[in-house]
Amino acid sequence: MEIAILSQWLVSVFVMSTVTAAVIILARILIGKNLSPKLKYYLWGIFLLRLMMVQFPESSLSIFNLLGNEASSIYLQGKDEKALVEEGMQLTTMTGQMKDEMGSSTNNPVTHDQGPLFPDKDSSNNSKDKLADGKAISTYDLEALSDVFFHISDLSKAFEQDENQLVAVNAPEERNSKIVIVIYVLGCILYFAYMLMGYISFCYKSRRLLPISDEKLLMLVEQIKKDLHIKKKIALVYGENTCIAGIFKPILILKAGYSEEEYRAILTHELIHYRYGDLLVNWCLVLLQGLYWFNPVVYFVFKQIRQDQEILCDVRVLEKTNMSRVSYSEVLFKEATMMRGSIGVIAFARKESTTKKRIEVIAKGKKLSKVGIVLGVGLVVIIGGICLTNPNTLGANNQDTTNQDAKNEAMKNQDYNKQQAISEGAKDATNQQENNNAPIGNSSQIASKIEQYRDPIDIENIQVASIKNKELANLITSLIDTTRIEVSYDYFNNFEADYIPATITEERHIQLILALLARSDTSIISEKDMSGNSVKNQPIVFYQKDEKLAELYINYDTLYEQGWIQYGEYSFQLDEMLFRLLAATEEYRPEGSRIPEDVIELFGKYGYTPAFLMGSSERRLPKTLEVTSANDIENLYFALSIEMSKAIGLDYGEKLGDVGVLGKSITAEIYYLVESLPESDRPISDARGIVIRYEGKIVGAHMDSGRHSAAFYTLSGKSFDEVTSLTPVDYLAETVMADFERGGYSSDEELIATYFKALVDGDTKTYFKTVSTNTWLVILFTNMDNTTLFNEGIVRQLMNTFYKKVDILDIKLSKENDKLSSNRTKIYTVNYRIETNDTSILQNGEYPRRVVLTNENGKWLVAGDGF
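With my numbering as the guide, the letters of the sequence shown map in order to residues 3 to 869.
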């Protein structure tokens, strides 16, 4: 997909930049005589903007609307494909949309134009059996219910054939796109290599030049610099050619043998180039020419830009000096044979033909009238308006929309009836759940209720007979007797020589992998849609004791959450849950302990499947959840955990019968869940299932996202905000943290100074009194080991030994405060001098620091700081 987009972008830029250049050239031909050199030069800025900017506003006035639908589609197609990648949009049918709303995943998203989406036979048959048995209907059953009304097998097969044909048609186009991109990249490399060699050669030669020691000439340079308001130090050396180079460390090369008047003209010319930023413009031209080396129009236009740049500079020189036009022209002729083509260099005179053009303009010396100025400004506005806008998407699509209206109207009644049937099925499912006394929370939305109680993965009954793909069915059959699986999964695709695969021997874990392997049977075609965040050819080996049964290879894109498994000549696109499970298995390497039945039953009730035990620990709960010191930081975790457990009827913060759990020893178990966290927590997807046991019984349970994130969920998939109507930070600040004495400093400056002093001194007691509740949570989860509930012994390990000494120079309110919409936040810029314990990380010196303050319960606290 990325290759196609880049290829389309190259074509789009070629067409639009060429049209823009043509418009500017035509305008110069028609009314160029009435334009000043400055307006002619600035007019090229429109062309440069067209090359440098990626996005432009759409307008019905855009000249690109005149190219017609076929040509305009160059822009529209590239725009649509890019939008799909950036926004993560997938156009689905009504069935796909309903599945998304109900929290179910689909393996076959299709667009409206492709036709309806049908559930696979596996889920359909299982769901029909459940309907016949009168059991509760889950989300997967609703897909089957839709299938009962609308499944037409012949049409489904036809769709699959059309899809395969579409891929076959696109294959040559993809190959052509790849060839184009390879040629483009090679061209860029060759161009920049050539330019780099030229620049290095120039730098080498310039370092060997002798510095100018003529005091009279040096004084002349300083006088001209003063007149032009140039303060930068500029090195002066003698050389064969007169030119200026270097943006940050400029060097002015002068040729000997001129009179004082001639030197004044030459020096003024070169320094005006520096004063008006022409060196920077020329570097931009070099870079853009390297990026658009394939477009001959760019070469022509850039030549004109450099010529107009010199002409404008000549005009400015004559305005700044008393030199006659004739004398100045004679100096130009003397330099007409000077260097050309050095990178980042502006020579006083270049090719003879260019010099003649400059002299012609100088000789005319025509002053521009007010009418010419108005005409020029108007021309810039008009050309900018029509060339710096993109074709109107709505207008270009009107014809397609009109043609599609008939199809949409024809499908309208069918889609409405289908939606009604799904809705009725949802109502039946909800009623059935209520009859079975299954708690469904307080939400009134049917989709939310169904999402909370989706069916867990059926590990015990893998229906091989219902798998449509013969090769996949044969593979699953051959793996039924697997007793060991070896999983290799290296994100960087770079296995070390001593790498040891993760080994799975626990029967349920093996069956879970086989069940996920059997969930989908869609053949995949190529890796054209894989991003750079992909793992490829990761071996998964299945054994029956010591006999190898099969070796599969994983190919998975962690960005788009899609991929396939390769088995010999066959490829199978599978559920993303399998790939995440394999990656987690390799990372955590479970040792094969069985998952207790009460855990399987508890999570299964809410549609989640525990895969393996990540970690377990025994600890004593605090007697009270109120925070009185930094050592009580773990109270925050259990306060949030208890609120999540309450939502499913487990409140281990209160007494259970006559037994008080707070202050008692409990066991905390952490399980890896196959299903992902709710969409609201993306891009984090891996879910940890947390179980709290007291005397062997489950007294609490919730889900969290583990490392780096303080996201808590109930087992029914509700976030902390949904359950309590408060964010975790606000809840903690108003409850367990309410009586902890923090803040209260006389000024923000005192708070910030105390904060940094605590960091330097390693004073944890003071540090925790200066920071926000959110910072406490960040400390609990940042860089934690996912096999533990939270960071252990964090108070002892917290203090940043990076600081050795900090001297605050000044503290000022940042200008960012003007943009803040909340009066609970302030931003300061703190300039300080720092001494560090490790100069390899940061050198000693003065640095600005951005410090954010937040207001909690009427007191200002440090919410964070950074460079």
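Backbone N, C-alpha and C define an ideal beta-carbon position, used for all residues, glycine too. All values reported here derive from a predicted model rather than from experimental measurement.
- VAL299 carries a helical assignment under DSSP once its states are collapsed to helix, strand and coil.
- PHE250 sits exposed, since fewer than 16 C-beta atoms from the chains shown fall within 10 Å of its C-beta.
- The alpha-carbon separation between HIS271 and CYS315 amounts to approximately 6 Å.
- Membership of GLU858 in the beta strand (DSSP E) is indicated by the continuous run 847 to 858.
- The three-state secondary structure of ILE672, taken from DSSP, is strand.
- Restricted to the stretch 257 to 319, the alpha helix (DSSP H) segments that are unbroken, complete and at least 4 residues in length are 262 to 277, 280 to 293, listed in chain order.
- DSSP, reduced to helix, strand and coil, places ILE33 within a helical segment of the structure shown.
- Bridge partners of PRO541 according to DSSP: TYR555.
- In the assembly as shown, GLN225 is an exposed residue. Its beta-carbon has fewer than 16 other beta-carbons within 10 Å.
- If you look at ALA504, you'll find it isn't in any alpha helix (DSSP H); it sits in the beta strand (DSSP E) that goes 504 to 506.
- By the Cβ-count criterion, GLY868 is exposed, with fewer than 16 other Cβ atoms from all chains shown falling within 10 Å of its own Cβ.
- The Cβ atoms of ILE487 and ILE506 sit closer than 7 Å to each other.
- Counting only the Cα atoms, GLN10 lies some 38 Å from HIS275.
- Cβ neighbours of ILE644 within its own chain (closer than 7 Å, five residues either side excluded): ASP653, TYR654, GLY655, GLY702.
- Taking a C-beta distance under 7 Å as the contact criterion, PHE66 and PRO393 qualify as a contact pair.
- Non-local beta-carbon contacts of TYR240 in its own chain, meaning distances under 7 Å to residues more than five positions away in sequence, involve LEU211, LEU212, ILE214, LEU256, ALA258 in chain order.
- Within its own chain, the residues whose Cβ lies closer than 6 Å to the Cβ of ALA237, once the five positions on either side in sequence are excluded, are ILE253, listed in chain order.
- Pairwise C-beta distances place the stretch 303 to 319 in contact with the stretch 37 to 45, as three or more of them are shorter than 8 Å.
- Counting C-beta pairs closer than 8 Å gives fewer than three between the stretch 633 to 643 and the stretch 579 to 589, which falls short of the contact rule.
- If the five residues before and after VAL333 are omitted, its C-beta is found closer than 6 Å to the C-beta atoms of GLU264, ALA267, all from its own chain and listed in chain order.
- Between ILE48 and CYS389, the C-beta gap is smaller than 7 Å, which places the two residues in contact.
- Per DSSP, the beta bridge partners of MET705 are GLY691, TYR715.
- Residues MET786, ASN788 of the same chain have their beta carbon placed closer than 6 Å to that of ARG709, with the five preceding and five following residues left out of the count.
- For THR768, the enclosing alpha helix (DSSP H) stretches over residues 766 to 772.
- If you draw a straight line from the Cα of LEU50 to the Cα of ILE813, it comes to about 41 Å.
- Counted as a single uninterrupted DSSP element, the beta strand (DSSP E) harbouring ARG486 occupies residues 486 to 489.
- Under the three-state reduction of DSSP output, ALA247 falls in the strand class.
- Between LYS821 and TRP862, the alpha-carbon positions lie close to 19 Å from each other.
- Per DSSP, reduced to three states, the secondary structure at ILE478 is helical.
- Taking all protein chains in view, the Cβ of ASP577 is crowded by 16 or more other Cβ atoms within 10 Å, so the residue is classified as buried.
- Under the three-state reduction of DSSP, ASN178 is assigned to helix.
- Here TYR747 carries a coil assignment [DSSP, helix/strand/coil].
- In terms of Cβ geometry, LYS806 and THR838 form a close pair [threshold 7 Å].
- Beta-bridge analysis with DSSP links SER727 to no other residue.
- Here DSSP, grouped into helix, strand and coil, assigns GLY200 to helix.
- Using a Cβ distance threshold of 7 Å, MET616 and VAL676 do not count as a contacting pair.
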